[in-house]
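Only one structure is covered here, and it is reproduced in the block below.
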Amino acid sequence: MNKSKGKGAAVAAARGGGTGGRTAIQIAVAFVLIALVAGIGIGIAVNHKTKNSVAGGTATPTVNAMPPAAGGVTGSITDTGSIRIGKPGAPVSVRVVADLQCPVCKMFEAANSATLTDEVNNGTATVDYDILAFLDRASSGTRYSSRASNAAYCVATADPTKFQGWLSAMFEAQPPENGKGLDNDKIIQISQTAGVTDPGLADCVNSEKYGQFVTKTTQQVLASGINATPTIFINGKAVPNQQNILFGQDGLKPLIEAAKP
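The UniProt record's numbering numbers the first residue of the sequence shown as 1 and each following residue consecutively.
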């Protein structure tokens with residue numbers, strides 16, 4: 001069986017079935033019909049969260065002061081709320097917009113996480129991660145997307161050098177759509193296994209310390225015109241919706257290399 005056709009069939013299946021499938025992979029403006037369907041799906045998700053908002057913490061995330069990791073990798077929170085991982089002066093910028101409940105985001109992460117980690121470590125790229133709360137409706141009332149997004153900020157502010165490994169582990173443990181989502185104890189366990197040792201981590205996760213920041217950031221991204229996950233940008237330009245690029249193994253690597261000045 002042709003591998004690219006098999007991958008395309010898997011993505012098509014994700015599009016057609018399940019909540020995340022409806023919101024999953026519209027990136028290019030040319031796919032107008034898909035964009036409309038995705039926009040409707042995500043509009044429902046955000047409206048559902050707004051009406052059923054649970055009071056979360058009001059803190060704004062800032063990265064703990066610490067010396068750069070070996071090799072100079074640092075982390076920060078951008079003015080728009082992205083989690084930025086990379087080395088100062090990296091010539092290429094990558095932006096990943098994702099939801100930890102999104103099945104197709106899991107496929108993207110599996111295909112490209114090693115590339116993104118390598119490009120950060122070798123100083124080629126900085127990666128801005130927007131881990132959003134689009135899909136709370138797909139976790140049977142447990143608000144998994146919101147809790148997982150809050151945890152992303154907890155990890156990034158505690159130890160940004162562990163963030164990319166944590167993200168991969170969270171996607172590997174992704175619960176099924178319309179299940180109950182991972183509970184906070186499991187999220188904390190994954191974080192600790194990923195090497196996050198901050199004693200304040202558990203309280204940050206359990207109290208949803210950044211809950212209101214997550215809500216605001218998610219709404220801002222939706223208002224900017226992004227209406228699907230994953231959405232990927234390189235040097236500010238959206239990567240077209242081509243399955244072999246987004247979901248082929250290390251598919252982003254040649255695009256990042258081509259974006260070097």
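The beta-carbon is built from N, C-alpha and C at its ideal position, and this holds for glycine as well.
Identify, in the order they occur along the chain, each residue of the same chain with its Cβ nearer than 7 angstroms to the Cβ of residue i, setting aside the five sequence neighbours on each side.
i, result
"lysine 180", "Ser139, Ser140 and Thr142"
"phenylalanine 31", "Confidence in phenylalanine 31 is poor, its pLDDT being 31 and thus under 50, which makes the residue's placement unreliable; the coordinate value appears in the next sentence. Around phenylalanine 31: Asn241."
Going straight from the alpha carbon of residue i to that of residue j, what length do you get?
i, j, result
"tyrosine 210", "cysteine 154", "8 angstroms"
"threonine 58", "serine 146", "14 angstroms"
"threonine 229", "leucine 100", "10 angstroms"
"glutamine 219", "lysine 260", "32 angstroms"
"valine 214", "cysteine 204", "13 angstroms"
"glutamine 212", "glycine 89", "32 angstroms"
"glutamate 177", "isoleucine 85", "29 angstroms"
"isoleucine 188", "glutamate 109", "20 angstroms"
"serine 93", "glutamate 119", "10 angstroms"
"asparagine 47", "phenylalanine 247", "Note that asparagine 47 scores 38 on pLDDT, short of 50, meaning its location in the model is unreliable; the coordinates nonetheless yield the value given after this. For asparagine 47 and phenylalanine 247, the distance between alpha carbons rounds to 29 angstroms."
"isoleucine 226", "threonine 62", "25 angstroms"
"aspartate 128", "leucine 167", "13 angstroms"
"glutamate 257", "proline 91", "10 angstroms"
"valine 104", "lysine 186", "22 angstroms"
"lysine 87", "glycine 123", "6 angstroms"
"asparagine 235", "threonine 78", "15 angstroms"
Considering only residues of the same chain and omitting the five flanking positions on each side of residue i, which have a CB-CB separation below 6 angstroms?
i, result
"glycine 81", "Thr217"
"aspartate 198", "Ala158"
"leucine 182", "Pro175"
On the DSSP bridge assignment, give the partners of residue i in chain order.
i, result
"lysine 237", "Ile234"
"serine 93", "Thr126"
"isoleucine 85", "Gly75 and Val127"
"alanine 98", "Ile131"
Less than 8 angstroms separating the beta-carbons of residue i and residue j?
i, j, result
"asparagine 121", "glutamate 208", "no"
"leucine 222", "valine 239", "no"
"lysine 253", "threonine 115", "yes"
"alanine 125", "glycine 165", "no"
"isoleucine 83", "alanine 152", "yes"
"glycine 75", "proline 160", "yes"
Which residues in the same chain as residue i place their Cβ atom closer than 8 angstroms to its Cβ, once the five residues preceding and following it in sequence are excluded?
i, result
"glutamine 192", "Leu201"
"methionine 1", "Confidence at methionine 1 is low in this model, with a pLDDT of 45, below 50, so the placement of that residue is unreliable and no value is reported for it."
- request: Go through the region 113–168 residue by residue and report every complete run of the alpha helix (DSSP H) that reaches 4 residues or more, in order.
  value: 144–158
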